[in-house]
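Peer 1: For the protein sequence lines, the chains are Z, A and L, in the order given.
Those letters in the first sequence? Residues 17 to 532, by the numbering used here.
Those letters in the second sequence? Residues 925 to 1250, by the numbering used here.
Those letters in the third sequence? Residues 13 to 155, by the numbering used here.
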Amino acid sequence: MDTLIALAGGFAVALTWQNLFFALIGSALGTMMGALPGLGPANGVAILIPLAFSLGLGPVPALILLTSVYYGCMYGGRISSILLNIPGDEPAMMTCLDGYPMARNGRAGEALSLSGYASFFGSFFATIGLAILAPQLVRIALLFGPAEYFALFALAFATLGGISSTNQAKAAFAAFLGLMLAMVGVDTQTGTPRLTMGEIHLYDGIDFLVVIVGLFALSEVLIFIEERHGGASAQQAPAIGRIVPSWSLVRHCMPAMTRSTVLGFLAGVLPGAGASLGSFIAYAVEKKVSDRDGTFGKGDPRGVAAPEAGNNAAAGGALVPMLALGVPGSGTTAVLLAVLLAMNITPGPLLFTNNPDVVWGLIAALLIGNVMLLIMNIPMVSLFARVLLLPSRFLMPVVAMISFVGVYGISGSNFDMMMMVLFGVLGWALRKLDVPLVPVVLGVLLGNEMEVNLRRAMTISDGDWSVLLASPLAIGLWSIAIAGFVLPIFTGAMVKRRMKATAVAESAIAEMDRGD
Amino acid sequence: MFKAFRSAAVIAAIVGAGSPAFAFEPHQPACIAPSGAGGGWDFTCRQTGKVLQDLGLIDGTMQVTNLEGGGGGVAFAEVVTKRNNENDLIVAASSATTTRLAQGAYPRNTMDQVRWVGTIGADYGVIGVSASSDIDSLQALIEKVKEDPRAIAFAGGSAVGGWDHLKVLLTARAAGVDDVKQIKYVAFSGGGEAMTQLLAGSVQAFTGDISEAQGFVESGDLKVLAVLAPERLPGKAADFPTAEEQGIDAIGANWRGFYAPGGMSDEAYDYWVTSIQKMYENDEWKKVMETNGLAPLDLSGAAFQDFVFQNVQEIQDLSKEIGILK
Amino acid sequence: MSDRIFGGLGLLFSIFYIWQASLVEDSFMTDAVGPRTFPYILGAGLAIASLIIILRPDAGAHWPAGRQLFELAMAVAVMGIYAWFLPAVGFVIATTLASAYLTWRLGTKPATAVLFGIGSAAGIYVVFKLALGLSLATGPLGI
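1. Does the beta-carbon distance from Z:G319 to Z:S276 come in below 7 Å?
2. Does the contact criterion of 3 or more C-beta pairs under 8 Å hold for the stretch 1038-1048 of chain A versus the stretch 1209-1223 of chain A?
3. Quick one: using the 10 Å Cβ neighbour count with 16 as the cut-off for buried, is A:P953 buried or exposed?
4. So with Cβ pairs under 7 Å, would you call L:L114 a contact of chain Z?
5. For a test of the three-state rule: what should DSSP assign to A:V1236, helix, strand or coil?
6. With 8 Å as the C-beta to C-beta threshold (strictly closer), list the residues of the stretch 156-175 of chain Z near chain A in chain order.
7. Quick one: using the 10 Å Cβ neighbour count with 16 as the cut-off for buried, is A:N1009 buried or exposed?
8. Look at the alpha carbon of A:D978 and the alpha carbon of A:N1206, and state the distance between them as a whole number of angstroms.
9. Comparing alpha-carbon positions, which option in A:E1142, A:L1090 and A:K1105 lies nearest A:Q1240?
10. Would you mind telling me which residues of chain Z sit closer than 7 Å to A:K1108, beta carbon to beta carbon, in chain order?
11. Count the other CB atoms within 10 Å of the CB of A:Q1234; is the residue buried (16 or more) or exposed (fewer)?
12. Are at least three pairs of beta-carbons, each pair with one atom in the stretch 220-233 of chain Z and one in the stretch 40-56 of chain Z, less than 8 Å apart?
13. Let me check one thing: in DSSP terms, what residues is A:I1051 bridge-paired to?
14. Taking 6 Å as the cut-off, is the C-beta of A:R1074 nearer than that to any heavy atom in the ligand MN?
15. Taking 7 Å as the CB-CB cut-off, is Z:F192 touching chain L?
16. Out of A:A1226, A:A1227 and A:K1211, which one is the CA nearest neighbour of A:T972?
17. How many Å lie between L:T107 and Z:G310 at the Cα?
18. Using a Cβ-Cβ cutoff of 7 Å, what residues of the stretch 195-219 of chain Z are near chain A? List them in chain order.
19. Using only alpha-carbon positions, find the residue among Z:Y219, Z:A124 and Z:Q184 that is nearest to Z:P261.
20. Among Z:R120, Z:G440 and Z:E465, which has the Cα closest to the Cα of L:L84?
21. In this structure, how does DSSP classify Z:S419 when only helix, strand and coil are distinguished?
22. Taking only beta-carbon atoms, is Z:W481 less than 7 Å away from chain A?
23. Is there at least one Cβ from chain L nearer than 7 Å to Z:M270's Cβ?
24. Go to A:T989, then tell me how far its beta strand (DSSP E) extends in each direction, as first and last residue.
25. Tell me which same chain residues have a C-beta within less than 6 Å of the C-beta of Z:G428, skipping the five on either side of it?
26. Keeping to the same chain, check which residues put their C-beta closer than 6 Å to that of Z:V35; ignore five residues upstream and five downstream.
27. Compare the C-beta of L:S62 against all C-beta atoms of chain B and say whether one is closer than 7 Å.
28. Given this structure, state the Cα-to-Cα distance separating Z:I65 from A:A1016, to the nearest angstrom.
29. Would you identify the three-state DSSP class for A:S1243, choosing helix, strand or coil?
30. Our contact map puts A:T1095 next to A:A1174 with C-beta atoms below 8 Å; I'd like the distance itself, whole angstroms only.
31. Span of the beta strand (DSSP E) holding A:F1078?
32. Does A:A936 get closer than 7 Å to chain Z when you measure Cβ to Cβ?
33. Counting only Cβ pairs nearer than 8 Å, list the residues of chain A close to Z:L366.
34. So, does the stretch 90-108 of chain L touch the stretch 126-145 of chain L, judging by three or more C-beta pairs under 8 Å?
35. Taking A:A957 as part of the beta strand (DSSP E), name the residues at either end of that continuous run.
36. Indicate whether Z:G42 and Z:V85 have their beta-carbon atoms separated by less than 7 Å.
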């Protein structure tokens, strides 16, 4: 009851015309920045900080503007994933796996709307969770020491097999390659540069932005150029399909959204795991639970709903440690934290008692922004989908140029752009060889945290490896990881047999969805 | 909402009040932030740019360029090799810059290749333990370390050899620990994460800056054993004893400030030194400092040059002693 | 066959990587695991994955040749040149040229491609520089 009263107070703070206006602007800009490859939520928020300052905004309107950009990016990232097979930001990577095939099958409209609903579902319940549980949830973050984090990342990679490729060896190859790239740079535990070959630009490591934009966006451009000159019949622009998904389809995806919201939210609560892990775990679990007919990866709507609900829920979850501990769980929350500090608000254990108006105003703002995003995104689906109707000979050069601008505008380094071209070529080659790209990016994103947590645990225990299994939580995580790794080897044959029935099953599902 | 407009009006009033005349005025004032958008140096540039503009010390806005890489080394090299004669340019810097310069982490670059403009404040170091710990003073902590260096793990937000780590080593050395290399330091990505692990009980002690620690002291989670400042700090931090009071002569200030290209003309250099100085003295900047947990540290022009020189020397000596530098 | 070559390259790369990792110097302080262990594990993992790929290859991929390969190489070269010269030439000029080239090679008439190049450069400039305030490369002409 107290929560409701406090929330009502929050709405009283947040519901002014000025704030609604900022929520609208933030949502629109956020969606756009999320959709542009190269610009993600962290940069999106950072870019708008000067605007918030130069307008002389108070804490609440400034937070409303910036968090609606944050949530907006989470919505926007899916758009380019679905339409172009290029993730707009890193958490949207998993949405490519089923979103793009759906668009190819002429269901772009449905994929966009469904993912919009899933995004809303995920962020809405995550925000509620944030409101009710934040102080208690902090305890979860405190359960995770270095050993537990290491087990968690091991779990993520153990369940990777078979997510995005039928060839396990190639998926493993991709994951190892990503992890190896993550090792480049100054080693934080000893301060020595590793694998940089003396190149100072590599001392800070390889930015995942460069990797993801190169691997996905530039390789897409290269594939297109190759097809165009290969005399292959120009791909027909696929139909957009119906815009509003049938109720039975939404219902069909509802269990997926629910599971993914919970998982994504928990992943978000853990600092260092973040939205990418949230959407990844949501997709991985959903595939394990629901993929009875091998339709995942071929345009299964649940494969679109799960990661979208997951990454939006993770965005909400990431605010828990940021507000209650002052620990940013991701790049974006690090930027938001800096903004709060600049406004004389110190997030941390005392925030909820010292600045309840800010906390509840923020939570109310998140709910407002979320509703606004839904209202804005659904009617615009048909507009977004029109991107598909643009001839690729115009679309692709623009994609390439925006990729460059995104990377250069953030880092100001043309070395990064050169690297991006290299990753474009690498991505093209890997695609031709049927090596999945998702594990590479996941490796780059999580590799450092994984290694560093192993080494922190070992430093603290003075080299005693048993520390890795010292807590019940760690043992639990390892058990799941091992089960996740071993089970597919036994069930793999079974799944392969089922896959043969895929084509039949898929068309049956499509029939069912449309038949409403 | 009206508060926002009111403060805007105050700013406007300040702007109207003074329009100083200089022999040099930047045509297009620019600031390089050697970090990505949203990083610490980025904030230094943007906040300074905003206040300078509010005070009418620059015309128009400060153009902030991000130039990430090499922990600031890419920006340093760019300024030295390509933009050495620019008069409109300043670059954000901090203790991290001098630490890396001292340790030779910017290949082929040294501190005398640029002109050091001034500081805009400092964040003093603290060493603390969890509130439930039975260690009550810096002396007691150091005693434990002397008995068994592996018993106490320090958590900090910088890499090994970085500033949070050096603060512990400086303090231990001043307290007479023989082999400071034995001290256990665990690097986390940021002070907040280090603090979380202290609360989770993974480590025994915390090393960081006062701005990171303040909130956790107020919430009763953290016990600050010493602040590494020359004297007690003003405001809420006044309760924290300095290391010096406890007979350990260690000071660790993480300053924030700017350098300018080495070939900058004297008029332009004077302009920037005076402008940063004026900004520092203004009440609006005092507010920015307060909200960002910055303690006073007012050095500019020649005094700052000397300070940087000394700072680099100190870090070099320490790094040599403990073997980071050969 | 493609997969066998690919696996071979992977194997060579893992050897190179392990060699590079072995060159990582110990610093004044070394933790229990050290800076080389994890890279060694990863290099070994990649080598094993490469071996499996060599032993059990998938059906060969189709690779471009002749003209197709030339077009690809040219596109990559244009992107590389763009990345290299962007800071010197300035955003608008460099982007106009690169965008026009790609549009032209993707089957647009040269005149249209040039117009589209100018249009796309200007459009991106407006969105990123003027609306979002990112610092794009400033060339001699100030754009």
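Here a beta-carbon is modelled for each residue, glycine too, at the ideal position from N, C-alpha and C.
Peer 2: The structure says:
1. no
2. yes
3. Around the Cβ of A:P953, a 10 Å sphere holds 16 or more other Cβ atoms; the residue is buried.
4. Interface residue, yes.
5. helix
6. A157, L158, L159, F160, G161 and P162
7. Result: exposed.
8. 11 Å
9. For A:Q1240, the nearest C-alpha among the options comes from A:L1090.
10. T475
11. exposed
12. yes
13. Beta-bridge analysis with DSSP links A:I1051 to A:T1131 and A:A1150.
14. The ligand MN is not part of the structure shown, which contains no ligands of any sort.
15. So, interface residue.
16. Minimum Cα distance to A:T972 is reached at A:K1211.
17. 43 Å
18. V202, T204, Q205, T206, G207, I216, H217 and Y219
19. Z:A124
20. Z:G440
21. Reduced to three states, the DSSP call for Z:S419 is helix.
22. Not one chain A Cβ lies under 7 Å of Z:W481.
23. no
24. Q987 to N990
25. Cβ within range, chain order: n/a, list empty.
26. The question names Val, but residue 35 of chain Z is Asn in the sequence shown. Cβ neighbours of Z:N35 beyond the five flanking positions: P77 and I80.
27. The displayed structure is made up of protein chains Z, A and L, and chain B is not among them.
28. Answer to the nearest angstrom: the Cα atoms are 18 Å apart.
29. Correct three-state label for A:S1243: helix.
30. 4 Å
31. A1077 to G1080
32. With a pLDDT of 35 at A:A936, under the threshold of 50, the modelled position of this residue cannot be trusted, and the question is left open.
33. G1139, E1142 and S1143
34. yes
35. A954 to A957
36. The answer is yes: Cβ separation under 7 Å.
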